[in-house]
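One structure is given here, and the rest of the page talks about it.
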Amino acid sequence: MIFDELLKGQLLTNDCNNYLIATNTGEIIESCYRCLHRREKKALELYKKDISIINTKIIDNNFERTLCIIVDL
1 MIFDELLKGQ LLTNDCNNYL IATNTGEIIE SCYRCLHRRE KKALELYKKD ISIINTKIID
61 NNFERTLCII VDL
């Protein structure tokens, strides 16, 4: 499954409106928070190859939910 489809599926499944994608070393790949979108150069590499999702976590602050995805490149 390509990463964009995987991300959309995770956002819908977990009812999240924000997301953060980072590597296991803490480097932010892409984020979307309150319609502010930021994509780093490394995101293009990420979407072209198979990746392994290490962990997902949902941060809920009672107003909105953020899906955090940690990947291994």
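Numbering-wise, the numbering used here puts 39 at position 39 of the sequence shown, and it's gapless, one number per residue.
Yeah, the Cβ is synthetic: ideal placement off N, Cα and C, and Gly gets one too.
(1) How close, in whole Å, do the beta carbons of R34 and N18 come, if the pair is a contact with beta carbons under 8 Å?
(2) Would you tell me roughly how many angstroms separate the C-alpha atoms of L7 and C16, rounded to the nearest one?
(3) Mapping the DSSP letters down to three states, classify E30 as helix, strand or coil.
(4) Taking I58 as the reference, give the member of A22, G9, N14 and R38 with the closest Cα.
(5) Report yes if the C-beta distance between D69 and N24 is below 8 Å; otherwise report no.
The short version:
(1) Against the sequence shown, residue 34 aligns to sequence position 34. Against the sequence shown, residue 18 aligns to sequence position 18. The Cβ separation is near 7 Å, so the contact holds.
(2) Locating residue 7 in the sequence shown gives position 7, where the first residue counts as 1. Locating residue 16 in the sequence shown gives position 16, where the first residue counts as 1. Each residue's Cα considered, the two are about 11 Å apart.
(3) In the sequence shown, residue 30 corresponds to position 30, counting from 1. The answer is strand: DSSP assigns E30 an E or B state.
(4) Residue numbering aside, residue 58 sits at position 58 when the sequence shown is read from its first letter. Considering only alpha carbons, the answer is N14.
(5) Stepping through the sequence shown from its first residue, residue 69 is reached at position 69. Stepping through the sequence shown from its first residue, residue 24 is reached at position 24. Checking the sequence shown, residue 69 turns out to be Ile, not Asp. Going by C-beta atoms, I69 is not nearer than 8 Å to N24.
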